Amino acid sequence: MNWKVWRNTLSCARCARGAKWLSFAFIVVFGILTATCEVAFSQAPAEDLQLASASLYLQNPLPSPQAGAFAGTYNLNTIMGANRFYNAGFTGTQAVMANIEAGYIWNGHETLAHVTNIPTSGATGEVDRHATWVGMVMGGRPGGATPGNYQQGLAPDAQLASGAIATSWPSGNASYPRYTTAFYLNYYGLSTFGPYRAAFISGVPTNTGLRPADVVNSSWVAGNSPNELAGNDNLSGTLDALINQNPRTLFTVAAGNTTPSGTGPNRVPAPASAYNNLTVAALAVNGGAFDLPSYFTNGGPNNYYDPVNGTVNNVRQVVDIAAPGEHFSSAYYGGLSGGNGPSVYGPASGPLGGPNYYSRDINGTSFAAPTVAGGAALLYDAAYSVLPAITDASDSRVMKAVLQNSADKTTGWNNGQTPNPNGFGGVLTTRGVDDRVGAGRMDLDRAFDQLLAGTTDLPGLSQGAMGTVAPIGWDFGQVGQGIVNDYRFPAPLAAGSLFTATLTWFRDRLPSGTTSFSEASFDNLDLELWNTIAGTPQYLISASNSLYNNTEHFQFAIPTTGEYLLRVRWVGELFDLVGDANLEQYGLAWSASVVPEPNTLLLLLSLAISAALAHPRAR
Numbered sequence: 004m005n006w007k008v009w010r011n012t013l014s015c016a017r018c019a020r021g022a023k024w025l026s027f028a029f030i031v032v033f034g035i036l037t038a039t040c041e042v043a044f045s046q047a048p049a050e051d052l053q054l055a056s057a058s059l060y061l062q063n064p065l066p067s068p069q070a071g072a073f074a075g076t077y078n079l080n081t082i083m084g085a086n087r088f089y090n091a092g093f094t095g096t097q098a099v100m101a102n103i104e105a106g107y108i109w110n111g112h113e114t115l116a117h118v119t120n121i122p123t124s125g126a127t128g129e130v131d132r133h134a135t136w137v138g139m140v141m142g143g144r145p146g147g148a149t150p151g152n153y154q155q156g157l158a159p160d161a162q163l164a165s166g167a168i169a170t171s172w173p174s175g176n177a178s179y180p181r182y183t184t185a186f187y188l189n190y191y192g193l194s195t196f197g198p199y200r201a202a203f204i205s206g207v208p209t210n211t212g213l214r215p216a217d218v219v220n221s222s223w224v225a226g227n228s229p230n231e232l233a234g235n236d237n238l239s240g241t242l243d244a245l246i247n248q249n250p251r252t253l254f255t256v257a258a259g260n261t262t263p264s265g266t267g268p269n270r271v272p273a274p275a276s277a278y279n280n281l282t283v284a285a286l287a288v289n290g291g292a293f294d295l296p297s298y299f300t301n302g303g304p305n306n307y308y309d310p311v312n313g314t315v316n317n318v319r320q321v322v323d324i325a326a327p328g329e330h331f332s333s334a335y336y337g338g339l340s341g342g343n344g345p346s347v348y349g350p351a352s353g354p355l356g357g358p359n360y361y362s363r364d365i366n367g368t369s370f371a372a373p374t375v376a377g378g379a380a381l382l383y384d385a386a387y388s389v390l391p392a393i394t395d396a397s398d399s400r401v402m403k404a405v406l407q408n409s410a411d412k413t414t415g416w417n418n419g420q421t422p423n424p425n426g427f428g429g430v431l432t433t434r435g436v437d438d439r440v441g442a443g444r445m446d447l448d449r450a451f452d453q454l455l456a457g458t459t460d461l462p463g464l465s466q467g468a469m470g471t472v473a474p475i476g477w478d479f480g481q482v483g484q485g486i487v488n489d490y491r492f493p494a495p496l497a498a499g500s501l502f503t504a505t506l507t508w509f510r511d512r513l514p515s516g517t518t519s520f521s522e523a524s525f526d527n528l529d530l531e532l533w534n535t536i537a538g539t540p541q542y543l544i545s546a547s548n549s550l551y552n553n554t555e556h557f558q559f560a561i562p563t564t565g566e567y568l569l570r571v572r573w574v575g576e577l578f579d580l581v582g583d584a585n586l587e588q589y590g591l592a593w594s595a596s597v598v599p600e601p602n603t604l605l606l607l608l609s610l611a612i613s614a615a616l617a618h619p620r621a622r
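Those letters in the sequence shown? Residues 4 to 622, per my numbering, in order.
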C-alpha cells in the first residue's frame with residue numbers, strides 16, 4: 004500500500020471536449036516554442052529568450068484541489084513492483100535524488116517536509132506547483148494529521164533535493180486560471196546549468212552535507228526546432244556532456260506530450276532528445292494494465308545529426324522506457340509564486356491550499372519520468388547495500404541497461420525485429436527499441452533480480468573472452484577495434500525460453516566551459532547472440548545493429564536447446580573529431596532460462612508423480 008493513482012471518472016464526451024481544447028492549446032504553445040527557438044539561436048547566447056513548458060497534460064478545467072486522505076483506484080508502487088525492494092528493506096535510504104525544473108518543490112506540504120533546495124544563480128527561485136506534484140511522485144513521505152501510504156512516493160526514504168531554473172514566467176492565459184505550465188530559461192546560463200552541475204558534480208544539500216545525486220529528474224520540455232529534435236542544441240549537448248563526465252548519476256527526462264497524438268517522426272523535443280539520459284514515455288491505464296502508450300506521449304523516430312554526416316532523417320529511437328502517466332493524485336501547491344504569480348490571468352483556481360491538499364487527475368509524461376526516477380533510486384539503494392565494493396553498479400549505463408532489460412513488453416511493442424535471414428531461428432533489428440515506449444514498461448520486481456540475482460559485473464575491463472556468466476546479470480565493460488567481447492553461458496539455454504539483452508553506451512560530448520559543450524566522437528557498437536559448441540562460436544542467431552542509436556536491444560525465443568554466448572562488437576565510429584582511442588565503455592544486461600540439471604529434472608518429475616497420486620483423477 005503506497006501512494007495512489009486516481010482514475011478519471013469523466014464521461015467520454017467530456018474527455019473529447021477536453022482533448023479538442025487541448026489540441027488547440029498545444030498548437031498555440033508549440034507555435035510559440037518554435038518561434039522562440041528561432042529567435043534564441045539568432046541572438047547573443049547570454050540572452051534569456053527560450054520558452055519551455057512542463058511536460059504536463061491537464062484536463063479542462065484544471066482539477067480542483069481537495070483536502071485530506073483519499074483512496075486511489077490503483078496502487079502504482081505495487082504495479083511497478085516496488086514492493087520487492089520494500090520487502091527487502093530498500094526504500095531509498097542510501098540514495099539521493101534531485102528534481103530540477105522551473106521552480107522549487109514546496110516543502111511546506113505534509114509529504115515533502117524533507118526536501119532541500121539547491122542554491123540558484125540567476126533563476127527566480129520560486130516555488131512551483133508542477134515541481135511539487137513531481138516531487139511527491141519521486142519521494143513523498145506519509146505525514147500530517149492523517150498520514151497514509153497514499154502519500155508515499157516510489158523512493159520515500161531517499162533524500163530529495165530541488166533545483167529551480169526559471170528566469171521568468173509568462174502571464175498565463177484564461178484556460179489555466181492562476182497557473183501556467185510555461186516558463187523562460189537561459190539556454191547558455193548558469194541559471195540553468197548551475198543546479199545540474201550541483202547535482203552531477205559539486206553536490207546537493209543532504210543531511211550529511213553536499214553529495215552528488217544518484218538520480219536527477221526533469222519533467223519539462225523545451226523547443227522543437229530541427230537542432231533540438233536532433234538532440235544537437237546547447238541544452239541537450241551540455242547535459243549529455245555532464246553525464247559523460249559524471250557517469251554515476253542517472254538522468255531521467257520526460258518525453259513530453261503532443262496532442263492529439265504523439266505518434267509520428269520528430270515528436271520528442273529537447274532535452275529528452277539527448278543521447279545519454281533515460282527518456283521516459285507515459286502509459287495509459289487500460290483497465291489497470293498500463294500496457295498502452297498514452298495518446299499524448301511523444302515518440303519517434305527523430306532525426307540524427309552530427310558535424311560529419313549531417314542530418315539523417317527519422318532514424319533515432321529516442322524513448323528509452325515507459326511508465327504510467329495518467330490519473331495521478333499528488334501534493335498540491337496553491338500559493339502565489341512562479342507559475343501561480345499574481346499577474347497570471349483569472350481568479351484563483353480553488354483555495355490556496357494547505358499542507359493537506361492534493362490535486363486530482365493530473366496526467367503527463369511529467370509523472371512517468373519521476374516514477375522511473377524513484378524506481379532507479381531503489382536500485383541505487385540496493386546496489387550500495389548489497390554490492391558496496393562493486394562501484395560499477397552505480398554507473399548510469401549499467402542502471403539504464405538493467406532497467407531496460409527488465410522492462411515488460413507492452414501491447415503492440417515493436418522494435419522492428421524480423422526473422423534473421425540466415426535461417427537459424429533468431430531475429431535481426433536495426434532499431435533496438437520501440438519508438439513509443441522504448442524497451443517497455445518499467446518492472447522493478449524483475450529489475451531487482453536483474454541487478455542482484457546473477458552475475459554482478461566482471462572484474463576489470465578486460466576484452467575478448469569474458470568467461471562464463473550466470474543466466475541473468477550485468478557487466479560494465481569496454482570493447483575496442485578488432486576485438487569482440489564474448490560472454491558464455493555454460494549451461495544450455497532452453498528452446499522456446501525468452502532471451503533478452505540490452506547494451507548501452509554514451510555519445511562522447513565534452514563540457515566547453517560551464518554552460519556549453521563540444522562534440523568529440525560517437526562509436527557504433529552491435530549486440531549479438533551466437534550458438535556455440537564447446538565454447539566456440541558456430542553461427543549467429545540474433546543481432547541488434549542500430550547505426551544511429553546508443554542502445555542495442557532484442558528479445559526473442561531461443562530457437563533450439565544448446566550452448567550460446569552473448570557478443571559485444573565494436574563496429575566503427577560515426578565520427579571522431581578528437582582522435583580518441585577506438586574503444587568504448589558500456590553497460591550490458593541479459594536474462595535467459597537454462598535447461599535444468601538432470602537431478603533437478605528428476606526432482607521435478609518426482610514431485611509431479613507425487614502430486615498426481617495424491618489427487619487421483621475424478622471418475
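Positions of the beta carbon are idealized from the N, C-alpha and C atoms, including for glycine. These numbers were taken from a predicted model, which means no experiment stands behind them.
What first and last residue would you give for the beta strand (DSSP E) that runs through residue i?
| i | result |
| --- | --- |
| TRP136 | TRP136 -> not in any beta strand (DSSP E); alpha helix (DSSP H) instead, spanning 132 to 142. |
| VAL315 | 313 to 319 |
| GLU566 | 565 to 579 |
| ALA58 | Before going further, note that residue 58 is Ser rather than Ala in the sequence given. Where SER58 is concerned, there is no enclosing beta strand (DSSP E), given that its DSSP letter is neither H nor E. |
| LEU286 | 281 to 287 |
| ASN102 | 99 to 104 |
| ARG491 | 487 to 496 |
| THR554 | 554 to 560 |
| GLY590 | 586 to 594 |
| ASN110 | No beta strand (DSSP E) holds ASN110; DSSP gives it neither H nor E. |
| PHE254 | 253 to 257 |
| LEU157 | Careful: LEU157 lies outside any beta strand (DSSP E) and carries neither H nor E. |
| ASN328 | First, the amino acid is wrong: residue 328 is Gly here, not Asn. Here GLY328 belongs to no beta strand (DSSP E), and DSSP marks it neither H nor E. |
| SER362 | 360 to 365 |
Which whole-angstrom value describes the C-beta separation of residue i and residue j, a residue pair presumed to lie in contact below a C-beta threshold of 8 Å?
| i | j | result |
| --- | --- | --- |
| THR260 | GLY367 | The sequence shown places Asn at residue 260, rather than the Thr named in the question. With a Cβ gap of about 5 Å, ASN260 and GLY367 count as contacting. |
| ALA257 | SER369 | 5 Å |
| LEU496 | ILE536 | Actually they do not touch by this definition, with Cβ atoms about 14 Å apart. |
| SER143 | THR114 | Per the sequence presented here, residue 143 reads as Gly, with Ser not at that position. Correct: roughly 4 Å between the Cβ atoms. |
| THR518 | THR241 | 7 Å |
| GLY128 | ALA167 | 5 Å |
| LEU238 | PRO274 | 5 Å |
| SER222 | ALA57 | 6 Å |
| LEU580 | SER524 | 7 Å |
| THR433 | SER549 | 6 Å |
| PHE451 | PHE88 | 6 Å |
So the alpha helix (DSSP H) residue i belongs to, where does it begin and stop?
| i | result |
| --- | --- |
| VAL405 | 399 to 408 |
| PHE632 | Examination of residue 632 is not possible in this model, given that the chain is present from 4 through 622 alone. |
| GLN248 | 237 to 248 |
| ASN80 | 79 to 82 |
| TYR190 | Counting along the chain, TYR190 falls outside any alpha helix (DSSP H), and DSSP gives it neither H nor E. |
| SER388 | 368 to 389 |
| ASN230 | 229 to 232 |
Out of the options, which one is the CA nearest neighbour of residue i?
| i | options | result |
| --- | --- | --- |
| ARG319 | TRP477, TYR387, ASN269, TYR383 | ASN269 |
| HIS133 | GLY426, GLY443, VAL482, PHE331 | PHE331 |
| TYR308 | GLY234, ASN279, ASN289, ASP323 | GLY234 |
| ALA216 | THR255, PRO229, VAL224 | THR255 |
| GLU555 | ARG439, GLY435, ASN152 | GLY435 |
| SER409 | GLY467, ARG512, LEU455 | LEU455 |
| LEU54 | ALA201, GLN154, GLY226 | GLY226 |
| SER515 | VAL487, ALA244, VAL224, GLY341 | ALA244 |
| THR76 | ARG200, TRP136, TYR153, THR505 | TYR153 |
| PHE502 | TYR298, ALA105, ASP511, GLY476 | GLY476 |
| GLY192 | GLY151, VAL487, SER124, VAL405 | SER124 |
| ASN553 | ALA287, LEU188, ALA404, GLN484 | ALA404 |
Does the segment 486 to 500 touch the segment 558 to 574, meaning 3 or more C-beta pairs lie closer than 8 Å?
-> yes
Between the segment 393 to 405 and the segment 587 to 602, do at least 3 Cβ pairs fall closer than 8 Å?
-> yes
Counting pairs of Cβ atoms below 8 Å between the segment 95 to 107 and the segment 152 to 165, do you hit three or more?
-> yes
Would you call the segment 542 to 553 and the segment 425 to 435 touching, i.e. three or more CB-CB distances under 8 Å?
-> yes
Any chance you could list the beta strand (DSSP E) runs of at least 3 consecutive residues sitting entirely within the segment 500 to 540, in chain order?
-> 501 to 507, 511 to 514, 520 to 536
Considering only residues of the segment 407 to 483, which uninterrupted beta strand (DSSP E) runs meet the minimum length of 3 residues and lie entirely inside it, listed in chain order?
-> 430 to 432, 468 to 471, 475 to 483
Any 3 or more C-beta pairs closer than 8 Å across the segment 214 to 233 and the segment 242 to 254 | yes
Would you be able to state if there are at least three C-beta pairs under 8 Å between the segment 413 to 420 and the segment 452 to 467?
-> no
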